[in-house]
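The structure appears right after this line, and notes come after that.
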Amino acid sequence: MASAKTYIGLSLGNQNSVIAIINKDHRAEVIANEDGEHKTPTYIAFSGEEEYHGSQAKHQVVRNAQNTIVGFRDILGKAYSEEMSKLHAGFARIEGGANGEAAFVVETEDGKELKLTAHEVTVRYLARLRTTAEEYLGRKIEGAVVAVPVGFDEAQRKSVAAACADAGLPLLQMISEPVAAALQYGLGQGATHGDAKDTVAVVVDVGGTGSDVTVVAANGGLLVEASNRHTSQVSGDAMDAVLMQYFAAEFKKQHGIDVLGQGASRAVRKLQQAVEVTKRTLSAAASAPCAVESLAEGLDYNGAITRSRFDILAGKTYAPLLDAIEAAVGDAGYGLAQVDQVLLCGGAARVRRLQAGIAGLFPESTMVRDDAGELDEIVATGCAAQAALIAQGTVCVPATASIEAAVLARPVGLQLAADNLEPVLLQNTPLPASRTVKVALPAGETRAYIAVSEGEPVPPKEANVDEDEDEDEDQVEEELVAAARYRPSKLLAEMVLELDAADAATRVEVQFFADTDGNLTVTAKDPVSGKSITAEIPAAAK
1 MASAKTYIGL SLGNQNSVIA IINKDHRAEV IANEDGEHKT PTYIAFSGEE
51 EYHGSQAKHQ VVRNAQNTIV GFRDILGKAY SEEMSKLHAG FARIEGGANG
101 EAAFVVETED GKELKLTAHE VTVRYLARLR TTAEEYLGRK IEGAVVAVPV
151 GFDEAQRKSV AAACADAGLP LLQMISEPVA AALQYGLGQG ATHGDAKDTV
201 AVVVDVGGTG SDVTVVAANG GLLVEASNRH TSQVSGDAMD AVLMQYFAAE
251 FKKQHGIDVL GQGASRAVRK LQQAVEVTKR TLSAAASAPC AVESLAEGLD
301 YNGAITRSRF DILAGKTYAP LLDAIEAAVG DAGYGLAQVD QVLLCGGAAR
351 VRRLQAGIAG LFPESTMVRD DAGELDEIVA TGCAAQAALI AQGTVCVPAT
401 ASIEAAVLAR PVGLQLAADN LEPVLLQNTP LPASRTVKVA LPAGETRAYI
451 AVSEGEPVPP KEANVDEDED EDEDQVEEEL VAAARYRPSK LLAEMVLELD
501 AADAATRVEV QFFADTDGNL TVTAKDPVSG KSITAEIPAA AK
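Residue numbers (UniProt numbering): 1 to 542.
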């Protein structure tokens, strides 16, 4: 029997990268690097003849920042701009390279300058990751599923693919980070196409430099990215900044030295690395220390902070992420009450107060999940799960394919009144899709009137405009979250089904079927007599 192919999953992060594999026990296993770490910092540094990667490169930041290359993933495939130089100030400088591509300039042995494009840096980094994985597993890597940010355009995706090829890392497939996270959480798995229940999930990825919110609709095993919002205001770096300000203020009280007022100094670098450890500790403990040897002017610093104090300080910065979640859900055409699951990923999503704030946006029926493993490893293990499916022959797609699934552009359903629509197929439902609903009729009714309309969500404020002004404020807020109403926007078809007076049904079954082209077929059927009537609505009519 042929041995299983060695396929890995790779999360190529802008700050840290993670490699994972599905082991012989069919469990996700994160591959440790030569330092025994599950996360490898996305850093490369040069010092004389030496080239450092990962944590060893990150340690160079304190004394050798000008020869340390960071943030190269996010400029891969982009032309050089002055803004890049500003964002990377204090590290290896960036300038225009061949063909206008951004390039990093570092100093090597004997003061010689070495210019490396973002592509060349990425190739070196990926080659080291491949070697790490092969040494850990004891065999050659035959393929990888690689995750990239949802906002990467086609040029950036092609640049990642080219870097993988030049690094000797065979690319099986490139998927977006939220889809990888959804796979690790099992979203849509075990379903068959045409299942009656859509699952709507919001993937909240709180990373080192920013947060991404992606609404993912799942049906029949197919995952569709319905909308995405990004904010750079809520991130691991932003939380680190809160801790740095707190400890710097304490140090100033003790010694009268303003550490943060020294710009991109060695003291700032030291404090930054120390608070990263403090932040991770606070996710699991009620308090955490912060210790920095020789922080400034030969003075050591030893301090601590409680989780409650950190929550108070950092909690003020979370609002932009909560706003992004609400906006993304609205962009996808859903109400908050229609979200089934919130899937958390990214190391900074461990913060409990942030999780509580996210949960507070949704009704209690919405599950807020962080149970798929270490949050900063979820994207990589999701990629590994996809790689395992490819190894089994379950999935077969071109490596750089950006799959565009057919989805319903607008919700359609039954018009109950001039301002009330009961949605049957929601916006962004993967196609083809079929749903059947039962419509109750008054006793003795001999005719069933069916009006099919497109709809639009009713903004919460409009939906509750008639609420009693004296109603309890908390109750109104709860109803704003729970209520998800739609109104008709365009009448598509009207039907009248004649029923037998002698044995009239009390319910009529109405089936909606939308094909991959968006053509809609609606059939109303009397389950007693078997009579039915059908309306064909071409996509062009909608």
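We put the CB at the ideal spot given by N, CA and C, even for glycine.
Rounded to a whole number of angstroms, what is the C-alpha to C-alpha distance between residue i and residue j?
| i | j | result |
| --- | --- | --- |
| S529 | L408 | 32 Å |
| D198 | N219 | 5 Å |
| I358 | L336 | 11 Å |
| Y449 | G186 | 41 Å |
| V242 | A267 | 16 Å |
| I322 | Y246 | In the sequence as displayed, the identity of residue 322 is Leu instead of Ile. One C-alpha to the other measures close to 24 Å. |
| D371 | A182 | 12 Å |
| I21 | F362 | 34 Å |
| T214 | I94 | 31 Å |
| K39 | G221 | 30 Å |
| L169 | C345 | 25 Å |
| A28 | P442 | 55 Å |
| P289 | F251 | 14 Å |
| A431 | A524 | Checking the sequence, you will find Leu at residue 431 rather than Ala. So the two alpha carbons sit approximately 21 Å from each other. |
| V200 | R410 | 15 Å |
| E294 | D376 | It should be noted that the sequence gives Ser, not Glu, for residue 294. Those two C-alpha atoms are separated by around 31 Å. |
| M174 | A133 | 18 Å |
| G151 | A284 | 31 Å |
| N519 | F512 | 10 Å |
| Q56 | G96 | 27 Å |
| V424 | P488 | 12 Å |
| S211 | T317 | 12 Å |
| G100 | H88 | 18 Å |
| K140 | Q338 | 45 Å |
| P457 | G360 | 21 Å |
Return the chain-ordered list of same chain residues with a C-beta closer than 7 Å to the C-beta of residue i, the five sequence neighbours on each side being excluded.
| i | result |
| --- | --- |
| N428 | A217, V224, A226, A332, G333, V407 and L408 |
| A440 | T506 and R507 |
| E478 | Note on E478: pLDDT 49, under 50, position unreliable in the model; the coordinate value appears next. Counting only Cβ-Cβ distances below 7 Å, and skipping sequence neighbours, we find nothing. |
| D74 | N14 |
| A274 | C290, A291 and V292 |
| E142 | K5, T6, Y7 and P170 |
| K58 | P41 and Y43 |
| A401 | Model confidence at A401 stands at a pLDDT of 45, short of 50, so the residue's coordinates are unreliable; what they give is reported in the following sentence. Within the same chain, A401 has no close Cβ partners at all. |
Are residue i and residue j touching if we call contact CB-CB under 8 Å?
| i | j | result |
| --- | --- | --- |
| L491 | Q386 | no |
| A103 | K86 | no |
| V510 | V522 | yes |
| P149 | E177 | yes |
| A314 | M239 | yes |
| T209 | N14 | yes |
| H53 | Y125 | yes |
| I378 | V202 | no |
| K5 | G77 | no |
| residue 586 | K253 | The requested residue 586 does not occur in the structure, where the chain is confined to residues 1 to 542. |
| A514 | A433 | yes |
| A327 | R229 | yes |
| G455 | A348 | no |
| L12 | V146 | yes |
| E180 | G373 | The question names Glu, but residue 180 is Ala in the sequence shown. Result no, Cβ atoms of A180 and G373 do not sit closer than 8 Å. |
| residue 544 | E107 | The chain is shown only over 1 to 542; residue 544 falls outside these bounds and no answer can be derived. |
| E536 | L499 | no |
| L10 | L129 | yes |
| V30 | A380 | yes |
| A493 | D517 | no |
Apart from the five residues on each side of it in sequence, which residues of its chain come closer than 6 Å, Cβ to Cβ, to residue i?
| i | result |
| --- | --- |
| V166 | Looking at the sequence itself, residue 166 is Asp, so the reference to Val does not match. Correct list, in chain order: V123. |
| D340 | T199 and V200 |
| I533 | M495, L497 and A524 |
| A155 | G77 |
| Q233 | P320 |
| F310 | L282 |
| A65 | G90 and F91 |
Considering only residues of the same chain and omitting the five flanking positions on each side of residue i, which have a CB-CB separation below 8 Å?
| i | result |
| --- | --- |
| I305 | L243, Y246, F247, T278, L282, S287, A288 and C290 |
| R307 | L282, A285, A286, S287, A288 and R352 |
| R447 | V496, L497, E498 and L499 |
Taking CB distances under 8 Å as the criterion, tell me whether residue i reaches chain C.
| i | result |
| --- | --- |
| A288 | Looking for chain C here will not work: only one protein chain is present. |
Hey, is the segment 252 to 272 in contact with the segment 295 to 307, meaning 3+ C-beta pairs nearer than 8 Å? Yes, the segment 252 to 272 is in contact with the segment 295 to 307.
At 4 residues or longer, and completely inside the segment 357 to 429: list those alpha helix (DSSP H) runs for me, N to C. If we require 4 residues or more, the alpha helix (DSSP H) runs fully inside the segment 357 to 429 come out as 378 to 391.
Sequence ranges, beta strand (DSSP E) only - wholly within the segment 245 to 325, length at least 3: DSSP runs (the beta strand (DSSP E)) wholly in the segment 245 to 325: 287 to 296 and 299 to 306.
Can you list the beta strand (DSSP E) stretches of 3 or more residues lying completely in the segment 57 to 115, in chain order? Listed in chain order, they are 68 to 70, 93 to 96 and 102 to 107.
At least three beta-carbon pairs within less than 8 Å, the segment 64 to 71 to the segment 33 to 51: Three or more beta-carbon pairs separated by less than 8 Å link the segment 64 to 71 to the segment 33 to 51, which places the two stretches in contact.
If we count Cβ pairs, one from each stretch, closer than 8 Å, do we get three or more for the segment 7 to 20 versus the segment 379 to 393? Touching, yes, given that three or more Cβ pairs across the two stretches are closer than 8 Å.
Complete runs of the beta strand (DSSP E) confined to the segment 125 to 195 [at least 3 residues]: Fully enclosed beta strand (DSSP E) runs of 3 or longer: 143 to 148 and 171 to 176.
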